[in-house]
Amino acid sequence: MEKYISNIVTPKVSIAPMVDKTHRHFRYFARILTEEALLYTEMVTAQSIIHGDINKILYFREEEGPVALQIATSNPEDAYKAVKLAEEFNYSEINLNCGCPSDRVSGNLMGAALMSSKNLVYEILSAMKEATNKPVTIKHRIGIDGTGILEDTSDKIIMKSYNDLLDFLDTISRAKPDRYTIHARSAILKGLSPKDNREIPPLDYNMVYRLKDEFDYLNIEINGGFKTIEDIKSALTKVDGVMIGRSAYEDCYLLANFFKLYDYSKDKKPISRGEAIKSYIPYIIEELEKGSSVHALVSPLHSLFQGVKGSKKYKQLLSSSNVKKDTIVDILNTVLEDMPENILWR
Ligand SMILES: Cc1cc2nc3c(=O)[nH]c(=O)nc-3n(C[C@H](O)[C@H](O)[C@H](O)COP(=O)(O)O)c2cc1C
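Residue numbers for the sequence shown follow this note's numbering, so the first one is 154 and each next one is one higher.
Below, the structure is given as structure tokens:
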């Protein structure tokens, strides 16, 4: 294993790249809830950066920062070009997707399927490193089962054991990635939907912990299934960081409690749900004027009252049939007046 000790600071917690979820409005609201977490973009293909309207695709507001850009590609030259183009935006790091199991992505040898071609991953990461001085990171699985696809590649398709993972890392570590975010389950590349691929292959945290234990100089963030501050705290005793996926949009108020992972003064309190909504309203007004979609603007708020009294009423108020460009601000003001005070302002 290449002994490269990155000097980047790994945040204790980050919010995973998630297509259709971690768009810039979500990130703006997430940043209201947490100062601490590193936020990721949705996966963006290198091709779309090269051929698309980058000012639209890569634009983000300073207030969201720090934000990491995740790219998907199977081509080192495209990776180089895309990372160069992204240089004019203020992303704090660039991440390579080696974890997405979707047919569309893996059929193009992107995402998790790339794990079957460790030399190609090495080349892509090296190209990314050449294109930028920013940290270059990778998000991958503990293994893949690609039986039946990619018959034409001579590289290994099934990687199931710890040694297979080491073999992969041994090669790609030569490109000196600054962090490895490891989704602690394998990806099954044929026959499972992306959703099933996030649920059916079992989580194996121990494989990730063992890796960090044996190669403590590698900067390792674990991902998969984290839902509570306690679970995150416990993982942080074994690895450098924890990445949160679904919980960030299924129970977004969790983010407001991330500060508990740090040694702040005992008096520090999470931002209240009410304050978070109040801080977000001016953004909604501004973005609606610029033509942003009202539904995209409201979606980050959906789980704000998850699991607490009044959540049903809140969901009804924010239902898509109620929410319109002209009604959203009034609806949010109604929320601020009608929801139980002890939950809204606590
Ligand atoms: C809706 C959705 C979209 C996702 N999109 C991406 C993506 O663009 N890039 C990526 O690397 N992983 C993607 N993932 C996987 C997550 O980043 C994460 O690895 C996975 O959800 C496991 O973490 P969790 O158990 O905390 O949700 C996505 C997951 C979900 C639920």
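In this text, a Cβ means the ideal position worked out from N, Cα and C, and glycines have one as well.
Is the beta carbon of residue i within less than 7 Å of some heavy atom of ligand 1?
i    : result
M171 : yes
M268 : no
C253 : yes
G378 : yes
Q459 : no
K174 : yes
H178 : no
K292 : yes
H141 : Past the edges of the chain, shown from 154 to 499, lies residue 141, and the structure says nothing about it.
R399 : yes
M196 : yes
R257 : no
N250 : yes
R351 : yes
Q200 : no
Q223 : yes
Out of the options, state which residue places its alpha-carbon closest to the alpha-carbon of residue i.
i    : options                   : result
P501 : P164, E367, G378 and T334 : With the chain covering only 154 through 499, there is no way to say anything about residue 501.
T226 : K209, L238, M196 and E241 : M196
S326 : A337, N359, K282 and R351 : K282
I202 : I291, L238 and D349       : L238
V476 : A449, C253 and K209       : A449
M145 : I224, F321 and A190       : Within the shown structure, residues of the chain are numbered from 154 to 499, placing residue 145 beyond reach of any answer.
D206 : I385, A235, N495 and T187 : A235
S270 : I291, T390 and T324       : T324
K113 : T334, L342 and N286       : It is not possible to answer for residue 113, since the shown part of the chain is limited to 154 through 499.
L414 : A169, E188, N160 and E155 : E188
I382 : L371, F412, K365 and K391 : F412
T290 : Y193, L318 and F368       : Y193
I434 : L485, T390 and P453       : L485
T252 : D416, V172, A388 and H455 : The question names Thr, yet the displayed sequence has Gly at residue 252. Comparing Cα-Cα distances from G252 to each of D416, V172, A388 and H455, the minimum goes to V172.
E442 : N495, G398, S456 and V482 : V482
L389 : Y358, Y467 and Y181       : Y358
N208 : Y233, S472 and F242       : F242
D404 : S445, Q200, E215 and A183 : A183
By DSSP, does residue i sit in helix, in strand, or in coil?
i    : result
R327 : helix
Q200 : helix
K386 : helix
R214 : coil
H293 : strand
T194 : strand
G264 : helix
S167 : strand
D298 : strand
A221 : strand
H336 : strand
N359 : helix
V395 : strand
M281 : helix
E374 : strand
E189 : coil
C251 : strand
I496 : helix
E440 : helix
E529 : Outside the shown range of the chain, which is 154 to 499, sits residue 529, and nothing can be said about it.
I161 : coil
E246 : strand
I341 : strand
I424 : coil
In its own chain, which residues sit with a C-beta less than 8 Å from the C-beta of residue i, not counting the 5 before and 5 after it?
i    : result
L489 : G427, I430, K431 and L497
D371 : The amino acid at residue 371 is misidentified as Asp; the sequence shows Leu. So the qualifying residues of the chain are M154, L322, S326, Y333, L364 and K365.
S245 : L191, G218, P219, V220, A221, K287 and P288
E440 : H178 and L450
D331 : S159, I161, E246, P288, V289, T290 and N372
Y467 : L457, F458, V488 and M492
V392 : V361, Y362, K365, I373, E374 and I375
Near residue i, what residues of its chain come up, given a Cβ to Cβ distance below 7 Å and the 5 sequence neighbours on each side ignored?
i    : result
A328 : Y275, L278, S279 and K282
E240 : T285
I385 : V166, F379, V395 and L414
Q200 : D231
G463 : M492, P493 and I496
On the CB-based measure, 16 or more other CB atoms within 10 Å of its CB, does residue i come out buried or exposed?
i    : result
P164 : buried
P229 : buried
T175 : buried
Q469 : exposed
I168 : buried
S456 : buried
R257 : exposed
In its own chain, which residues sit with a C-beta less than 6 Å from the C-beta of residue i, not counting the 5 before and 5 after it?
i    : result
A340 : P254, A265, R294, I297 and N350
I361 : It is worth fixing the name first, because residue 361 is Val in this sequence and not Ile. Taken in chain order, the residues that qualify are I335, A337 and I375.
T198 : A225
A401 : I168
F368 : M154
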